[in-house]
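All the letters of the sequence shown, read from the start, carry residue numbers 2 to 394 under our numbering. The beta carbon of each residue, even a glycine, is placed where N, CA and C say it ideally should be.
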Amino acid sequence: MKTRNVEKYYDYLVALLLVFIPISIALPNIILILIVVSFLFLKNKKINEKVFKLIFIFAAYLAIKALIFSAFLSNFSSYKNIFFFLVILIFVYNTKDKRLLKKGFILGVLISSFFTLFKVISFYFEKAEIPLANGAGVHKMLLIDRPYLGIMCVLAVILCFDLYQKNKQWYYIVLMIYLSVFTNFIVARLAILLLFSFLFFVLILKIKKQSKKISYLSISAILLLLIFSISNTNLQKRFHIEKSFNKTIKIALDHEPRVVIWDCLTDSNYFNNYHLFFGYNDANRIKENLRKCFSEKIEKETKKTYYLRKMFNTHNQFFSFFYQGGLLALFLFLGILYFIFREATNFTNLFIIISLFVFLCFENLFERQYGLYLLGAFFAITSKNHDKSSSHS
Numbered sequence: 002m003k004t005r006n007v008e009k010y011y012d013y014l015v016a017l018l019l020v021f022i023p024i025s026i027a028l029p030n031i032i033l034i035l036i037v038v039s040f041l042f043l044k045n046k047k048i049n050e051k052v053f054k055l056i057f058i059f060a061a062y063l064a065i066k067a068l069i070f071s072a073f074l075s076n077f078s079s080y081k082n083i084f085f086f087l088v089i090l091i092f093v094y095n096t097k098d099k100r101l102l103k104k105g106f107i108l109g110v111l112i113s114s115f116f117t118l119f120k121v122i123s124f125y126f127e128k129a130e131i132p133l134a135n136g137a138g139v140h141k142m143l144l145i146d147r148p149y150l151g152i153m154c155v156l157a158v159i160l161c162f163d164l165y166q167k168n169k170q171w172y173y174i175v176l177m178i179y180l181s182v183f184t185n186f187i188v189a190r191l192a193i194l195l196l197f198s199f200l201f202f203v204l205i206l207k208i209k210k211q212s213k214k215i216s217y218l219s220i221s222a223i224l225l226l227l228i229f230s231i232s233n234t235n236l237q238k239r240f241h242i243e244k245s246f247n248k249t250i251k252i253a254l255d256h257e258p259r260v261v262i263w264d265c266l267t268d269s270n271y272f273n274n275y276h277l278f279f280g281y282n283d284a285n286r287i288k289e290n291l292r293k294c295f296s297e298k299i300e301k302e303t304k305k306t307y308y309l310r311k312m313f314n315t316h317n318q319f320f321s322f323f324y325q326g327g328l329l330a331l332f333l334f335l336g337i338l339y340f341i342f343r344e345a346t347n348f349t350n351l352f353i354i355i356s357l358f359v360f361l362c363f364e365n366l367f368e369r370q371y372g373l374y375l376l377g378a379f380f381a382i383t384s385k386n387h388d389k390s391s392s393h394s
């Protein structure tokens with residue numbers, strides 16, 4: 002009985018952690034302390050040996066490499082973050098009630114969206130505008146960075162669909178519609194593309210099993226969402242849509258930071274003298290090379306000042322690990338993703354992993370605590386072994 006109480010208490014703590022991830026970064030850290038204590042009292046702790054060993058080897062490789070080249074302290078955050086990701090993965094993996102975790106995360110995303118809407122309405126009454134196309138203005142209205150809130154909304158929509166599949170409760174459909182509209186409202190570009198991809202595949206996979214009435218309703222809902230997206234002027238500005246295609250491309254190339262960053266990362270004039278298999282001796286060379294590239298390749302002074310002040314990271318986790326640890330680090334990381342991909346038990350789990358994989362192509366999740374929490378939690382939730390241990394709602 003005591004063991005069951007500990008397990009139940011532990012599951013509620015992890016669910017509470019997932020509630021707070023979309024709201025604040027400080028509160029999950031506090032909950033994490035309680036999870037550590039309760040984890041010590043859990044019996045029958047389990048791990049996915051292949052994945053966990055590979056993650057440990059990955060972190061150990063980067064740490065030993067940095068130690069050899071006297072960069073252990075300056076590169077400490079790199080392998081510290083990988084170990085933190087491993088810890089979150091273990092904690093979530095050892096929960097029993099997966100539905101509780103899913104509901105907790107959905108609740109957290111909803112709370113974050115309500116706070117955002119409140120701040121947007123307040124801003125509108127004060128300034129008579131909603132500057133969601135403006136990168137600087139949007140930070141005042143969102144609790145967390147837009148790309149992260151966007152991907153969290155997509156994950157919440159997928160979880161709502163998964164829960165609806167199991168118990169057919171209508172309010173999950175309502176939540177899917179609300180979160181889809183909200184994702185379009187905050188104009189999180191990558192999240193919108195992932196969202197439409199998910200809804201399209203759901204329609205294709207389920208249309209044969211549904212009645213004609215349900216199929217027509219599903220198609221109508223997707224078309225209405227598409228019309229809302231197209232008519233959203235903030236979204237048009239975020240995608241830099243102009244009257245002509247050539248002008249759209251020109252402005253997009255000029256305004257999109259990743260175009261500049263990735264151009265620098267693939268320029269051998271700035272990224273050279275690294276070992277193909279082991280990368281740079283010191284990971285800080287990545288930032289130094291980017292800074293040099295920004296200062297020399299960007300001609301417009303205001304734009305150059307902005308890039309040097311923001312000091313963007315690689316905005317691609319694969320680029321980051323390649324330059325940190327060479328092909329060896331990249332293959333180790335891809336190996337981790339491969340084994341996690343194999344653990345997917347159904348369509349929704351598979352699309353969660355695909356969504357996070359795509360997100361890794363545009364963001365450095367291992368350099369943000371939000372990213373570490375998301376990857377650790379959802380890679381555990383989608384695990385085959387974890388799925389077997391899931392209990393009732």
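Chain-order list of residues whose beta-carbon lies under 8 angstroms from that of residue i (same chain, five-residue window excluded)
i      : result
Val359 : Leu191, Leu195
Thr349 : Ile159, Leu160, Phe162, Asp163, Gln166
Met2   : With a pLDDT of 44 at Met2, under the threshold of 50, the modelled position of this residue cannot be trusted, and the question is left open.
Asn365 : Asn314, Thr315, His316, Asn317, Gln318, Ser321, Gly372
Same chain, Cβ closer than 6 angstroms to residue i, five either side skipped, listed in chain order
i      : result
Leu63  : Ser79, Tyr80, Gly326
Asn282 : Phe70
Trp171 : none
Gly105 : Ala16, Leu19, Val20
Ile262 : Phe313, His316
Phe342 : Ile354
Ser113 : Pro23, Ile24, Leu144
His276 : Gly327
Ala67  : Phe73, Asn76
Tyr149 : Tyr371
Ile26  : Gln370
Cβ-based neighbour list, residue i, same chain, cut-off 7 angstroms, excluding 5 preceding and 5 following
i      : result
Leu254 : Val260
Ser390 : Because Ser390 sits at a pLDDT of 46, beneath the cut-off of 50, its placement in the model cannot be relied upon, and the following sentence gives the value as read from the coordinates. Cβ neighbours of Ser390 beyond the five flanking positions: Lys97.
Ile353 : Leu156, Ile159, Phe379, Thr383
Gly151 : Thr184, Ile187, Ala189, Leu191, Ala192
Leu266 : Phe272, Thr315, Phe320
Lys385 : Glu344, Thr346
Ala381 : Leu90, Val93, Tyr94, His387
Phe116 : Leu144
Ser181 : Val158, Leu196, Leu226
First and last residue of the uninterrupted alpha helix (DSSP H) at residue i
i      : result
Gln318 : 318-343
Asp163 : 147-168
Cys362 : Per DSSP, Cys362 belongs to no alpha helix (DSSP H) and is neither H nor E.
Thr383 : It is not in any alpha helix (DSSP H) - Thr383 carries neither H nor E in the DSSP assignment.
Ala189 : First-last for Ala189: undefined, no H or E at that position.
Arg259 : 258-266
Asn314 : Run containing Asn314: none; DSSP gives neither H nor E here.
Thr96  : Where Thr96 is concerned, there is no enclosing alpha helix (DSSP H), given that its DSSP letter is neither H nor E.
Leu43  : Note, Leu43: premise wrong, no alpha helix (DSSP H); not H, not E.
Ile65  : 50-69
*Entirely enclosed alpha helix (DSSP H) segments - the stretch 268-304, minimum 4 residues*: 286-298, all fully within the stretch 268-304.
*Given 8 angstroms, three or more beta-carbon pairs between the stretch 114-132 and the stretch 141-152*: Yes, the stretch 114-132 touches the stretch 141-152.
*Cβ pair count under 8 angstroms reaching 3, the stretch 309-326 against the stretch 281-301*: The stretch 309-326, when compared against the stretch 281-301, does touch it at the 8 angstroms Cβ threshold.
*Would you check if the stretch 18-34 and the stretch 107-119 touch, i.e. whether three or more CB-CB distances between them fall below 8 angstroms?*
By the C-beta criterion, the stretch 107-119 is judged to be in contact with the stretch 18-34, since at least 3 inter-stretch pairs fall below 8 angstroms.
*Below 8 angstroms, can you find three or more Cβ-Cβ pairs linking the stretch 326-335 to the stretch 301-317?*
In short, these stretches do not touch, since the Cβ pair count stays below three.
*Sufficient close CB pairs (3 or more, under 8 angstroms) joining the stretch 333-342 to the stretch 290-308*: With the cut-off at 8 angstroms, the stretch 333-342 and the stretch 290-308 do not touch.
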